[in-house]
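Visitor:
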Amino acid sequence: MINSENLINFVNQTPKSELHLHIEGSLEPELMFKLSKRNNVEIPFKNVEEIKSAYNFSNLDSFLKIYYQGSNVLITEEDFFDLTWEYVLRCKKDNIVHTEIFFDPQSHTERGISFDTVINGIYKALKKGELEFGITSKIIMCFLRHLDEQPCFEVLNHALKHKDKIIGIGLDSSEKGNPPQKFKRLFEAAIKENFLTVAHAGEEGPPEYIWDSLNLLKVKRIDHGVQCLKDEKLVKILRQNNIPLTVCPLSNIKLCVFDRLENHNLKKMLDAGLRVVVNSDDPAYFGGYLNTNLIETSKALNLSIEDIKILIQNSFKSSFLDENSKKNWLNKI
Ligand code: ADE
Ligand code: ZN
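Start counting the sequence shown at 447; every next residue gets the next number (the working numbering).
1) How many angstroms separate the CA atom of residue 770 from the CA atom of residue 481?
2) Mapping the DSSP letters down to three states, classify residue 645 as helix, strand or coil.
3) Anything with a beta carbon under 6 Å from a heavy atom of the ligand ZN counts; list them all in chain order.
4) Residue ranges of each beta strand (DSSP E) run of no fewer than 3 residues wholly in the segment 501–566, ordered along the chain?
5) If you reduce the DSSP assignment to three classes, tell me which class residue 659 lands in.
6) Straight-line CA distance for residue 729 to residue 456?
7) For my contact list, residue 722 and residue 715 are in at a C-beta cut-off of 8 Å; report their separation, rounded to the angstrom.
8) Any heavy atom of the ligand ADE closer than 7 Å to the Cβ of residue 513?
9) Taking the C-alpha atoms as reference points, what is the distance between residue 609 and residue 542?
10) Find out if the Cβ-Cβ distance for the pair residue 629, residue 663 is shorter than 8 Å.
11) Sorry if obvious, but does the Cβ on residue 473 come closer than 7 Å to a heavy atom of the ligand ADE?
12) Determine contact between the segment 618–633 and the segment 586–594, defined as no fewer than three beta-carbon pairs at a distance below 8 Å.
13) According to DSSP, residue 464 sits in a beta bridge with which residue or residues?
14) Near residue 512, what residues of its chain come up, given a Cβ to Cβ distance below 8 Å and the 5 sequence neighbours on each side ignored?
15) Any idea which residues DSSP pairs residue 706 with across the strands?
16) Thinking residue 645 and residue 684 are a contact (beta carbons under 8 Å), I'd like their distance in whole angstroms, please.
17) Any heavy atom of the ligand ADE closer than 7 Å to the CB of residue 691?
18) Looking only at C-alpha atoms, which of 667, 674, 507 and 727 sits nearest to residue 688?
19) Could you check what DSSP says for residue 604 in three-state terms: helix, strand or coil?
20) Going by other Cβ atoms of all chains shown within 10 Å of its Cβ, with 16 needed for buried, is residue 700 buried or exposed?
21) Quick one: is residue 483 buried, meaning 16 or more other Cβ sit within 10 Å of its Cβ, or exposed?
22) How big is the Cα-Cα spacing for residue 657 and residue 459?
23) Identify whether residue 652 lies in helix, strand or coil by the three-state DSSP scheme.
24) Compare the Cα-Cα distances from residue 703 to each of 633, 508, 534 and 488 and report the closest residue.
25) Please determine whether the Cβ atom of residue 464 lies at a distance below 7 Å from any heavy atom of the ligand ADE.
26) What does a CB cutoff of less than 6 Å around residue 584 pick up in its chain, not counting 5 residues either side in sequence?
27) Can you tell me whether residue 452 is buried or exposed? The criterion is at least 16 other CB atoms within 10 Å of its CB, across all chains shown.
28) Measuring alpha carbon to alpha carbon, tell me which residue in 726, 669 and 676 is nearest residue 696.
29) Just reading off the beta strand (DSSP E) that residue 629 is part of, what are its end residues?
30) Using a Cβ-Cβ cut-off of 8 Å (strictly less than) and excluding sequence neighbours within five positions of residue 741, which residues of its own chain qualify?
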């Protein structure tokens, strides 16, 4: 077993990639409060402490309610820039050299904010991060699965104008009762437009949602996927095809998918030969960014230095970087 200081140093100093981060989920209470004042948007909290103490969730839906409410303070391009820039600074601090972030356009367009305002603010901050710190990035546009297919098609149409900025599409929000087949035609249309596809599946929902994400939505990665161990045949397929699973341990604890980190199934997934990657999901809400996720999980599950290396190697192998860049980073670990 590695001692705590060596573990922390290793995680902090090793270059990493992050593949499952909702940019709206990186909205820290301090910035939420500042933007609510700047934009005159009322939030049901008197101060930052009140915001923090509201972050007790019993499941995914109880979190999503607070998360969408928090996003209401984001109005202007500058707001989306500031939000993303704060995350870029965190990447620099944590030695995240490549990141593939999600955004939820519908949680903004449904409030009358234009798609262009959102994507331009996010994109400009990421580009500045690349220019100033060499942090590379990709943007993945997520559809809200609790909504109908039709408004999603309208968003997809709008995204065509920004194909140069968006590499792929994803599926998030309330999983149970919103199965992948609801979006089969949408994903087919997106694939025809050369977008890569990923989907949240098997976070709270059953292994069937993982099967359907693979078979119907043709995803390159499964986001979360922790329910896969309930289905041996599925595990075999995931392993044989090297399908990445972007697991978010602290998120899973905060949303009560597992009762405590010591009981998380990440080590079992690794031991089953699955391509597991560790990520932070919505770090401002779940108590930790990527390095904290890696460190806390390693301690709770007694991961070896080899396990941690594999997790970090997987973060590059599973990315949408070109093969040369992947090789370059893998050589540095
Ligand atoms: N949107 C933001 N975080 C999410 C999560 N963990 N699951 C589904 N949708 C989300
Ligand atoms: Zn997520």
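All residues carry an ideal CB built from backbone N, CA and C; glycine is no exception. A quick note: this is a predicted structure, and the numbers were derived from the prediction, not measured.
Guide: Looking at the coordinates:
1) Cα to Cα, residue 770 sits roughly 40 Å from residue 481.
2) Strand at residue 645.
3) My final list is 466, 468, 618, 646, 669 and 727.
4) With a minimum length of 3 residues, the continuous beta strand (DSSP E) runs that stay inside the segment 501–566 are 542–549.
5) Correct three-state label for residue 659: helix.
6) Rounded to whole angstroms, the separation of the alpha carbons of residue 456 and residue 729 is 21 Å.
7) About 5 Å separates the CB atoms of residue 722 and residue 715; that is less than 8 Å, so the two are in contact.
8) Answer for residue 513: yes, Cβ within range of the ligand ADE.
9) Each residue's alpha carbon lies about 25 Å from the other.
10) Yes, Cβ-Cβ distance for residue 629 and residue 663 is below 8 Å.
11) No, since every heavy atom of the ligand ADE falls outside the 7 Å radius drawn around the Cβ of residue 473.
12) Judged by Cβ distances under 8 Å, the segment 618–633 makes contact with the segment 586–594, as three or more pairs qualify.
13) DSSP lists 545 as partners of residue 464.
14) 500, 501, 503 and 731, listed in sequence order.
15) In the DSSP output, where bridge partners are listed per residue, residue 706 has none listed.
16) No, residue 645 and residue 684 are not in contact; Cβ-Cβ is about 14 Å, not under 8 Å.
17) No - the ligand ADE has no heavy atom lying nearer than 7 Å to the Cβ of residue 691.
18) Considering only alpha carbons, the answer is 667.
19) Correct three-state label for residue 604: helix.
20) In this structure residue 700 is buried. Its beta-carbon is surrounded by 16 or more other beta-carbon atoms within 10 angstroms.
21) Residue 483 counts as exposed, since fewer than 16 other C-beta atoms from the protein chains shown sit within 10 angstroms of its C-beta.
22) Each residue's alpha carbon lies about 37 Å from the other.
23) DSSP, read as helix, strand or coil, puts residue 652 in coil.
24) Closest by alpha carbon: 508.
25) Not so, every heavy atom of the ligand ADE lies at least 7 Å from the Cβ.
26) Excluding positions up to five away in sequence, the list reads 546, 613 and 766.
27) Under this definition residue 452 is an exposed residue.
28) Considering only 726, 669 and 676, the residue with the shortest C-alpha distance to residue 696 is 726.
29) It is not in any beta strand (DSSP E) - residue 629 carries neither H nor E in the DSSP assignment.
30) 453, 454 and 457, listed in sequence order.
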